[in-house]
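2 protein chains.
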Amino acid sequence: MHGDPVEAFDKAFELAARLAEAMRQALAERGLTASRAEVIYVLAREGELVQRALAEALRCTPRHVTGLVDQLEEAGLVQRRPHPRDRRATSVALTAGGAATARWMAESRHTAARALLGDVPGDDLAAFVRVADVLLGGVTA
Amino acid sequence: MHGDPVEAFDKAFELAARLAEAMRQALAERGLTASRAEVIYVLAREGELVQRALAEALRCTPRHVTGLVDQLEEAGLVQRRPHPRDRRATSVALTAGGAATARWMAESRHTAARALLGDVPGDDLAAFVRVADVLLGGVTA
DNA sequence: TCAATTTACTGAACTGGCTTCACTATGTAG
DNA sequence: CTACATAGTGAAGCCAGTTCAGTAAATTGA
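These protein sequence lines map, in sequence, to chains W and X.
Residues in the first sequence are numbered from 1 upward in steps of one, following the numbering used here.
Residues in the second sequence are numbered from 142 upward in steps of one, following the numbering used here.
Structure (structure tokens):
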């Protein structure tokens, strides 16, 4: 039960790399990338959005959103519609397929979480979350 | 003390994204990228290596290693030398500057770990590591 | 009402990480 | 000596993402 800060810190980085890779693979099987998936995630959470708002939510350039929406529209997951009031703006919404993909993502998350962590004692999970929060708080600063 | 698997899982992903970004920034200040830093890390750990071995350690193509070593050599952090026995091979070693960079990386890791996690109870750290290990084990499969 | 300014999107061009493919030079086995 | 495998690299290209310039529409303000 030693609990060395450096060991925990290193473990967090190793975890980061592996989780990113695992997610990348899982998404790739559905033809998604992390960025494209994030667009779907945001649209599912926030509802229909104008591209500019999407750029802010994704913390990327408006130009890049154009490209992402191009790709997702091509894949039939989102749909561009003229904004009712502002004719400059383009509103982006999930299609039925996009909504289904969003549900798949949410479900995979739950399934994976239970499969991987279902047998872990609740106290350990709570401690994990506490430490993760400390790291998250410190890293932002 | 609830300890919800899904919450912990989500937290792990959030942590992954934030840690990657934080590391990217820290490395960028020294003109490094994650890949270039990994070359230095591997060379510091394993000692002088042939490019082919480097490619295996980094899990990337030999061609990419050529590029990475080009950049690091340009920056004066590593040095190419002909392999003593195999005239096809090129051996890569850290320069003094590269070794100093490796020490800086190790030290930063320790410093950050203690700054961020120094006040966290040892039991929580141990639990964190346990959960991280469960995730690492499950993700590989 | 009209000119000046701002805002939303997109084309063109570019950077950076990374890959594949083709090629050269060298080593190794029969 | 031939046949084959291996180490590195040039050329070309893919993908994520950016900047810059341009167009069209909205907003401001005299």
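Backbone N, C-alpha and C fix where the C-beta goes; we use that ideal spot for every residue, glycine too.
All values derive from a computational prediction rather than experimental measurement.
For a cutoff of 9 Å on Cβ pairs, would you count residue i as touching chain W?
i	result
ARG250 of chain X	yes
ALA178 of chain X	no
ALA291 of chain X	Residue 291 of chain X is absent from the structure shown; chain X starts at 142 and stops at 282.
VAL183 of chain X	no
HIS143 of chain X	yes
ASP211 of chain X	no
VAL280 of chain X	yes
VAL233 of chain X	no
VAL147 of chain X	yes
Excluding the 5 residues flanking residue i on each side, which residues of the same chain have their C-beta closer than 8 Å to its C-beta?
i	result
THR95 of chain W	GLY76, LEU77, VAL78 and GLN79
THR33 of chain W	ARG24 and LEU27
GLY172 of chain X	ALA216
THR207 of chain X	GLN192
Starting from residue i, follow the alpha helix (DSSP H) in both directions and report where the run begins and ends.
i	result
PRO146 of chain X	146 to 169
VAL65 of chain W	62 to 74
ARG36 of chain W	34 to 46
VAL131 of chain W	122 to 140
ARG221 of chain X	Where ARG221 of chain X is concerned, there is no enclosing alpha helix (DSSP H), although the beta strand (DSSP E) it sits in stretches over 219 to 223.
ALA57 of chain W	51 to 58
How is the beta strand (DSSP E) around residue i delimited, first residue to last?
i	result
ALA100 of chain W	Taken as a continuous stretch (DSSP letters only), ALA100 of chain W belongs to no beta strand (DSSP E), being part of the alpha helix (DSSP H) at 96 to 117.
Among the residues of its own chain, which have a CB less than 7 Å from the CB of residue i, if the five just before and after it don't count?
i	result
VAL131 of chain W	ALA8
LEU276 of chain X	ALA153
ARG177 of chain X	LEU209, GLN212 and LEU213
Flag residue i as yes if its beta-carbon sits less than 9 Å from any beta-carbon of chain X, otherwise no.
i	result
HIS83 of chain W	no
ASP86 of chain W	no
ALA89 of chain W	no
LEU136 of chain W	yes
THR61 of chain W	no
ALA132 of chain W	yes
Which residues in the same chain as residue i place their Cβ atom closer than 6 Å to its Cβ, once the five residues preceding and following it in sequence are excluded?
i	result
ALA89 of chain W	VAL50 and HIS83
GLU189 of chain X	SER232 and ALA234
ALA44 of chain W	ALA102
> Which residues, in chain order, does the region 95 to 129 of chain W contribute to contact with chain X at a C-beta distance below 9 Å?
Replying inline: Listed in sequence order: ARG109, HIS110, ALA112, ALA113, ARG114, ALA115, LEU116, LEU117, GLY118, ASP119, VAL120, PRO121, GLY122, ASP123, ASP124, LEU125, ALA126, ALA127, PHE128 and VAL129.
>> At a CB distance below 9 Å, what residues from the region 149 to 173 of chain X approach chain W? Give them in sequence order.
In response: So the list reads ALA149, PHE150, ASP151, LYS152, ALA153, PHE154, GLU155, LEU156, ALA157, ALA158, ARG159, LEU160, ALA161, GLU162, ALA163 and MET164, given in the order they occur along the chain.
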